[in-house]
Amino acid sequence: MTEAIAAAARWQSCAIVEVATGTPAIKSFFLRLSEPFDYTAGQHVDVRLTAPCGYTAMRSYSIASAPSDSKVIELAIERLPDGEVSPFFHDVAQVGDTIELRGPLGGHFLWPGLPTNQCS
Ligand SMILES: Cc1cc2nc3c(=O)[nH]c(=O)nc-3n(C[C@H](O)[C@H](O)[C@H](O)COP(=O)(O)OP(=O)(O)OC[C@H]3O[C@@H](n4cnc5c(N)ncnc54)[C@H](O)[C@@H]3O)c2cc1C
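In terms of this note's numbering, the sequence shown has 119 at position 119, counting the first letter as 1, and numbering is strictly consecutive.
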């Protein structure tokens with residue numbers, strides 16, 4: 001296992017540094033990574049919430065921000081009314097809270113340098 005793969009599998013603590021409302025159902029959460037990583041368009045992270053009793057819930061979210069040197073990534077999360085994790089983000093999570101996250105994950109990639117109309 002390469003170091004990059006091992007690092008992506010490790011959980012890290014992230015602070016919510018900003019919350020922005022996109023639409024009534026979608027909020028963007030900006031998370032400061034304690035262990036910054038490189039990623040490409042299309043990759044996602046796993047987020048893990050742990051209740052005081054030890055119960056955990058894990059969900060995947062695409063990284064909505066463009067790759068850069070920033071230590072902050074954006075997750076755009078839609079609120080599902082009967083969901084478990086997305087309502088927590090919309091109704092409970094605040095700036096300053098920390099959550100656990102691992103990634104980047106996912107093998108989707110773009111051929112570098114190909115024009116966007118290559119297949120038309
Ligand atoms: C690779 C990947 C990337 C993703 N990226 C994003 C993203 O960028 N943004 C985003 O918003 N989401 C994304 N998702 C979806 C996300 O992971 C969650 O599935 C989503 O947020 C819902 O989680 P939840 O805990 O709120 O809902 P859940 O609790 O998982 O429930 C989901 C739905 O199923 C219903 N449900 C739950 N339990 C039952 C049951 N027993 N019987 C019948 N119905 C039930 C709920 O009512 C709800 O409508 C992504 C998923 C994957 C796999």
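All C-beta atoms in this analysis are idealised placements derived from N, C-alpha and C, irrespective of residue type, glycine included.
Where residue i falls: helix, strand or coil (DSSP)
i     : result
Ser28 : strand
Asp91 : helix
Ala8  : helix
Ser86 : helix
Glu35 : coil
Closer than 8 Å: residue i CB and nearest ligand 1 heavy atom
i      : result
Ala76  : yes
Pro81  : yes
Tyr55  : no
Arg102 : no
Gly106 : yes
Pro87  : yes
Ile26  : yes
Arg10  : no
Arg59  : yes
Ala64  : yes
Glu84  : yes
Reference residue i, options the options, closest by Cα
i      : options                       : result
His90  : Gly107, Ala4, Glu18 and Asp46 : Glu18
Ile99  : Ile5, Trp11, Gly83 and Ala7   : Trp11
Ala8   : Tyr39, Phe30, Ser28 and Ala20 : Tyr39
Ala57  : Arg48, Ile63 and Ser65        : Arg48
Ser65  : Val92, Phe30 and Ala20        : Phe30
Leu101 : Ser13, Thr2 and Ala4          : Ser13
Glu78  : Thr21, Thr2 and Ala6          : Thr21
Ile63  : Pro52, Arg32 and Gly96        : Arg32
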